[in-house]
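**Q**
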Amino acid sequence: MRIKIVTDSVCDIPDELIQQYDIKVVPSYINIGNQSYLDGVEMTRKQFYDGLDSFPQHPKTAAPGPETYARAYAKAEEEGFDHVLSIHVASNLSTIYNSTIKAASEVKIPVTVHDTQQLTLGAGLQVITACKMAEAGATVKEIIEVITDLGNRTYVYALLDTLKFLHLSGRINLALRGIGSLLRIKPLMTFHSGNPIFEKVRTRGKAIGRMLTYVRKLGPLEHVSVVHTQALEAARCLYQKAYSLIPENNQPIYQIVTPAVGAHVGPNGVGLVCVTC
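The numbering of the sequence shown is our numbering, which starts it at 81 and goes up by one.
Here you go:
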């Protein structure tokens, strides 16, 4: 059986792996005023972060509709695939999951939709694993079992540089942002099983220390990768600080985060994607 893997651009995957496994990535929209851009197609991530402080209006993001996914599924059938496995960002964060369910009902080719219950590279690791298994001849059922287990063992910890962009995207109110600026508060996010939890830490150093404490409490790790919002050097520094917690022969991915998330969290953020044993 030939299985086509389809995903969305919120599930961060390195470009070289997208090409290697011929993954169909359906891009989200980046809307800046009256202009709309396809994520990764009409605007690169570097262009997005370079312009984030100077855009005339704060960017908003939008998910593609069911018709876009239906076209992607129909194209897979035209290319001779027998089944589509459509793997997506956590359903409580986006309308993407509902769009794919609707699209799946409108095409002839069998489509299995999987909710990763994760975001950014936390979801991307499931896509990458699915591709490797499909290439090796696994069934859709076998793939779903493995990536569901992987999702249950995946934790994303992210440190934001400022409260500013959470405010601009409507996630916090102006008064709280003012307090945060005064106290140098750094938002720290934990994401697991579809649920984001935010807490406020007063300095970047303390926030990194707390993040590493959380990682340590996870116990033995199978894999660790790093995500960042155009802060590669800070991401490398974070990885080095976590080095004693990282398994031997770990091969980290350093992934710049999708604008669909970056619009809310802003530049200079860093995070760890951890998979427990």
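We put the CB at the ideal spot given by N, CA and C, even for glycine.
By alpha-carbon positions, which one of P94, V355 and I98 ends up nearest to G231?
**A** If we check each option's Cα against that of G231, V355 comes out closest.
**Q** Taking S305 as the reference, give the member of F135, I326 and K297 with the closest Cα.
**A** That would be I326, whose Cα lies nearest to the Cα of S305.
**Q** Once you ignore the five residues that flank D195 on each side, which residues in its own chain have a CB closer than 7 Å to its CB?
**A** Closer than 7 Å at the Cβ level, and outside the excluded window around D195, lie H168, A170, S171 and Y177.
**Q** Rank L301, G202, D88 and G120 by C-alpha distance to the C-alpha of T228 and give the top, closest one.
**A** Ranking L301, G202, D88 and G120 by Cα distance to T228 puts G202 first.
**Q** Mind reading off the beta-carbon distance from K321 to L298? Whole number of angstroms is fine, and I expect it under 8 Å.
**A** Incorrect: roughly 16 Å between the Cβ atoms, too far for contact.
**Q** Give me the Cα-Cα distance between L352 and R151, rounded to the nearest whole angstrom.
**A** Cα-Cα distance, rounded: 34 Å.
**Q** Roughly how many angstroms separate the alpha carbons of A315 and Y101, rounded to a whole number?
**A** Rounded to the nearest angstrom, the two C-alpha atoms are 26 Å apart.
**Q** Would you mind working out which of Q99, Y129 and P300 sits nearest T309, comparing C-alpha positions?
**A** If we check each option's Cα against that of T309, Y129 comes out closest.
**Q** First and last residue of the alpha helix (DSSP H) that includes E147?
**A** From DSSP, the alpha helix (DSSP H) with E147 extends over P146 to E158.
**Q** For K140, collect the residues of the same chain with a Cβ closer than 6 Å to its Cβ; drop the 5 residues on either side in sequence, then sort them by chain order.
**A** Around K140: N111.
**Q** Leaving out the 5 sequence neighbours to the left and right, which residues in its chain are closer than 7 Å to S108 when beta-carbon positions are compared?
**A** D88, S89, V90, D119, T141, A142, A143, P144 and A340.
**Q** Give the range of the beta strand (DSSP E) segment to which L165 is assigned.
**A** Start and end: H163 to H168.
**Q** Name the one or two DSSP bridge partners that K104 has.
**A** Answer is V86, bridged to K104.
**Q** Just to confirm the assignment, what range does the alpha helix (DSSP H) spanning V207 have?
**A** Counting along the chain, the alpha helix (DSSP H) containing V207 begins and ends at T200 to E215.
**Q** For C354, list the residues DSSP reports as bridge partners.
**A** Its beta-bridge partners are Y235 and V304.
**Q** Pull up the distance between the alpha-carbon of G342 and that of F135, whole angstroms please.
**A** Roughly 14 Å between the two C-alpha positions.
**Q** Select from L199, E302, R290 and C317 the residue whose C-alpha is nearest the C-alpha of N275.
**A** The shortest C-alpha separation from N275 is found at L199.
**Q** Quick one: is S358 buried, meaning 16 or more other Cβ sit within 10 Å of its Cβ, or exposed?
**A** There is no way to answer for residue 358, as the model of the chain reaches only from 81 to 357.
**Q** In three-state terms, what does DSSP make of P359?
**A** Past the boundaries of the shown model lies residue 359; the chain is included only from 81 to 357, so the question cannot be answered.
**Q** List the residues that DSSP assigns as beta-bridge partners of D119.
**A** According to DSSP, D119 bridges with M123.
**Q** Mind checking which residues open and close the beta strand (DSSP E) that includes V191?
**A** It spans V191 to D195 - the beta strand (DSSP E) in which V191 sits, taken as one unbroken run.
**Q** Between the C-alpha atoms of G217 and I288, what's the straight-line distance to the nearest angstrom?
**A** Their backbone Cα atoms lie some 41 Å apart in a straight line.
**Q** Taking 9 Å as the threshold (C-beta atoms), are L240 and G131 in contact?
**A** Cβ atoms of G131 and L240: not closer than 9 Å.
**Q** Select from I189, R290, L205 and P190 the residue whose C-alpha is nearest the C-alpha of P332.
**A** The residue with the shortest Cα to Cα distance from P332 is L205.
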